[in-house]
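Here's the structure we're looking at; comments come further down.
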Amino acid sequence: MSEPIIQVKNLSKYFKVYQKKPGLLGSVESLWHREYQEVKAVDDISFDINQGEVVGFIGQNGAGKTTTLKMLSGLLYPTSGELSVLGFNPWDRKKEFQKQFSLVMGQKNQLWWDLPAMETFLLNQAIYEIPKNQFKKTLDKLVDLLDVKDVLHVQVRKLSLGQRMKCELIAALLHNPKVLFLDEPTIGLDVVMQKILRDFIKEYNKEFGATIILTSHYMGDVKELCERAIIIDHGHKIFDGKLQEIIDKYARNKILSFVFSKTIKKEDLEKFGTVKEFNQDGSLQTATILTPRLKAAKVAAAVLENLPVQDVNIEEPPIEAIIREVFKTGNR
Amino acid sequence: MSYFRKYLIVLKLSWQNGLVYRTSLLMWRLRQFLSTLMSLTVWQVMFSGNQTLFNYQQQEMISYIFLVSFLQSMILATIMHGLAADIYSGKISDILLKPINLFGYLATLDLADKFKNIIFTIIEAIILAFIFHPVIILPSLINFGVFIFTILIGVILYFLIQLLFGSIGFWSPETWAPRFLFMMFLEFTAGKLFPLDILPKMVQNIVLLTPFPYFSYFQIQVFLNRLTTQQLITYLATSIFWTILLTIVVGKIWKRGIKGYQAAGI
Amino acid sequence: MKTKIKKYWQLFWYFRKLQLMRQLEYRTDFIFWGFVSLMWSGFTFFFFSLIVRVSGNIGGWNEYQIYLLISVFTILDAFTWSFFYHNMRYYTNYVFSGDLSQFLTKPIDTQFLMMTQNNTYNNIFRLIMGIVMLLWSINKLQLEISLLSFVWFFYTFIVAMLFVYFLWFCISTLSFYVEKLDNINDIIPSLRQMWQVPEEVYTGFFSVLFRFIIPLGLITSIPTKILLGQQPWVSTIYLSVFTVLMMIISRIFFKFSLRKYGSVGN
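This is how it looks when you write it as structure tokens:
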């Protein structure tokens, strides 16, 4: 396998943030003297990404995900460390580099508001110097995948949020970038749109073979799209590997939910595991318990045997809970 | 007493806010300073060949421009530019929900802004005084009293105008156009480029029927004692007339606007 | 290299086309501002004609010479208003809001994008008015303009515009260094009064300031003088050198600011 397409070594980014004392006196004082605090947004991160991978950066708000992406795009100058994307140093902002990648940031838009999306597409064709044939082919394919054929010639301001997002994506992908950075791509979208977007990204990766890094704090995004996840907490990388590994390693429990046909006593259920919920829903009794993963099947069978169970369900805990576990235990 | 305390805090917060965006204020003052400087320079040159122009002596004209700039900074300083946008976007609901009077709130913010501007204007005035040596003859006590009164009217009148422009926000977020037109007329009729009475008599008479001259031109004429008693009374009456008229109009529009506003549940 | 120039040339005109499409979307806006700008020019002419008729001359220039100057100013201003103002405003907005990022990742020179993307067309009426006044003044003054003079005039006119542009760009680039600065964009426009008066108006300290240190006072005077048959060699060279200097400084400043933008975060 050739060199990794993205190489990051000991990358760090520190910011200086103003401190202001509260109150009027503080405001006046800040006229001539300001105190700074150093924030380590990204602290010694290293990773390699190969061509065609879809990697998810997971982390809480302010963890350093967006900062890392910005450094990879050449928008931010690293405080220390090395990085290379497609063999280029992003900060140099060489035209050759810029023609091969694309950065899409959730809420930001590049479409001209008062004109049809098509006009922005044509503009990008000129900026990225896309040959006519290639442009047409790519455009047709993207329009087809996203199903926006009818809205291309409607003014952007008249489009719905979903249609606009789709057109924004097309505008960002017209030049067939080899590397795609998606920063919070589904933020603010409804459930339906989120699925459409995720399906599209999956398709795009399959069709065009692009390497994709996406940041999100929606677990659904990561679960659907990324085989590999990098978890960032307070600027540090605390996990880098297959998503399934995280689940296997950190999801200690499984969730068993029951519906009972007759009322039972809580103590009876507590024998089998930690009771999380215990409700009377009209004439039905429902409850959920947590049991260690490996014992889950056995415990379920036991409950079924000993208590009047009408319905049973065994689930993984939501990945958010799993990740929280990672943060709790995984700090190096 | 606690009733007024909230307005005091608003004042204090406005100050703090202003200090954060101090460079913005500085830039604004720089612009004002430069335009006053331009005006004074041009007039000084024009008088270099003549003793009297348009019935003004050089000193009088310099004093006029000087005083008008000073006064304008105070009367025309306002934070209510964004009022229409705030109304349209629903931002003022915040205030409407609270036990504080909206107009009182806006007036307090405006006052804070005027104070901020005054401090700078004084500094600018000192600098300009050094360069242009305006001769300021202080008016008699009575005249000064009238002068202060007319300033009050000017401030209230301008506040009402801002409320009027702001009320557009009940129906549309854009006020740049009418506002620009207003400022343009203001600049050409009662601004610091030239005093109104250099224009042809007919134009003057028409303009004096509008509210424009009563934001600073009228006040300075009182200060400089350039008005006959008859003129003083006439102009005073006109300015008061406009104040009352606008109060009624603004009151009606706002009442209607707020009702519709609250009905829409913004 | 040749393809690069071709690409930028094409893009420049593409932007003009896009903006025209945009402008046609907002027809009322176009009419309104066209009308307002025309009125503003009208007021300016009126004001200066009033002054010059009463005082005989301004800075040694007689009535029609002043009209000539004002028409050169009007044409220049039509361009600055249409191109520079909007580009600068959007530029500072992008910097403040962080939207600049989207331009930084495109394979196009960022300064080029910032400088050429936006413009309006609503000053077209004013431009026509300015040209008409220019021709009328030339006629009244019975000037015979040789080909050399015309070319020279054209050259200094372009140089003057570029000087204003680069100076303005430098000032707008200050937006990288302050948190919020709406007013920064309006400093240069507020100096426009300077271009309405002949350079002879400035004496003493201001003469040094506005004719040498920052030769804003020369902007309209030099091209007009050429039309009047004069041959201001020194000033032309001086202004040209200054403009080239401004261009270099603005480029360096911009690059430097971008680097800072990238290290402080956006």
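Residue numbers (the working numbering), protein chains in the order written: chain A, 286 to 617; chain B, 3 to 268; chain C, 11 to 276. In this text, a Cβ means the ideal position worked out from N, Cα and C, and glycines have one as well.
For Gln304 (chain A), no CB of chain C lies under 8 Å from its own CB, so it is not counted at the interface with that chain. Check the Cα spacing between Tyr263 (chain B) and each of B:Leu195, B:Ile170 and B:Val209: the tightest is with B:Ile170. The C-beta of Val44 (chain B) has 16 or more other C-beta atoms within 10 Å across all chains shown, which makes the residue buried. In this structure Lys463 (chain A) touches Leu371 (chain A) by the C-beta definition: roughly 6 Å separates them, less than 8 Å. Counting of Cβ neighbours within 10 angstroms places Tyr160 (chain B) among the buried residues, the total reaching 16 or more. Taking a Cβ-Cβ threshold of 8 Å, the residues of chain A close to Leu28 (chain C) are Trp397, Leu400, Glu404 and Leu408, in chain order.
Three or more Cβ pairs drawn from the region 8-18 of chain B and the region 110-122 of chain B lie within less than 8 Å of each other, which places the two stretches in contact. Straight-line spacing of the CA atoms in Val70 (chain B) and Lys270 (chain C) works out to 42 Å. A contact is defined here as three or more CB-CB pairs under 8 Å, and the region 105-125 of chain C meets this definition with respect to the region 388-403 of chain A.
Two segments are said to touch when three or more pairs of C-beta atoms, one from each, lie closer than 8 Å; by this definition the region 83-96 of chain C does not touch the region 226-236 of chain B. At the C-beta level, Ile516 (chain A) and Val340 (chain A) stay beyond 8 Å of one another. Residue contact check for Gln20 (chain C) against chain A: a CB pair falls below 8 Å. For Phe179 (chain C), the uninterrupted alpha helix (DSSP H) run begins and ends at Leu157 to Thr183, by DSSP.
The Cβ atoms of Phe176 (chain C) and Met98 (chain C) do not sit closer than 8 Å to each other. Judged by DSSP secondary structure, Thr576 (chain A) falls within the beta strand (DSSP E) whose first and last residues are Leu569 to Pro577. Going by DSSP, Arg513 (chain A) is part of the beta strand (DSSP E) stretching over Arg513 to Asp518. Annotated as distal: Lys298 (chain A) and Met390 (chain A), with beta-carbon spacing of 8 Å or more. DSSP places Lys561 (chain A) inside the beta strand (DSSP E), whose first and last residues are Thr559 to Asp566. A direct Cα-to-Cα measurement between Val441 (chain A) and Arg449 (chain A) gives close to 7 Å. When A:His318, A:Glu555 and A:Lys426 are compared, the shortest CA-CA separation from Glu492 (chain A) is found for A:Lys426.
Closest option to Val544 (chain A), judged by alpha-carbon separation, among A:Tyr535, A:Gly337 and A:Asn564: A:Asn564. Within the same chain, Ile64, Ser65 and Phe68 come within 6 Å of Pro136 (chain B) by CB-CB distance, once the 5 residues on both sides are set aside. Residue A:Ala585 holds the alpha-carbon nearest to the alpha-carbon of Pro593 (chain A) among A:Ile599, A:Glu600 and A:Ala585. Taking C-beta separations shorter than 6 Å and ignoring five residues to either side along the sequence, the partners of Gly259 (chain B) in its chain run Ser169 and Phe172, following chain order. Asp468 (chain A) counts as buried, since no fewer than 16 other beta carbons sit within 10 angstroms of its beta carbon. Scanning chain C for C-beta atoms nearer than 9 Å to the C-beta of Ser358 (chain A) yields Ser111, Leu114 and Thr115, reported in chain order. Boundaries for Ser65 (chain B): no beta strand (DSSP E) harbours it, while the alpha helix (DSSP H) harbouring it runs Gln60 to Ile77, taken from the DSSP string.
Here the alpha carbons of Phe164 (chain C) and Leu157 (chain C) stand approximately 10 Å from one another. The beta carbon of Ser365 (chain A) sits closer than 8 Å to those of Asn295, Leu296 and Ser297, all from its chain and outside the five residues before and after it, given in chain order.
What Ile412 (chain A) touches in chain C, judged by beta-carbon distance under 9 Å, is Lys17, Leu21, Lys116, Pro117, Ile118 and Leu123, going in chain order.
Contact of Glu154 (chain C) with chain A is not assigned, every C-beta pair being separated by 8 Å or more. The region 417-437 of chain A makes no contact with the region 33-49 of chain C, as fewer than three CB pairs between them are under 8 Å. In this structure, the CA atom of Lys421 (chain A) is about 12 Å from the CA atom of Asp429 (chain A). According to the DSSP assignment, Val327 (chain A) belongs to no alpha helix (DSSP H) but to the beta strand (DSSP E) extending over Glu320 to Ile334.
By the 16-neighbour rule on beta-carbons within 10 angstroms, Phe6 (chain B) is exposed. When only Cα atoms are considered, Asn591 (chain A) and Ser546 (chain A) end up about 13 Å apart.
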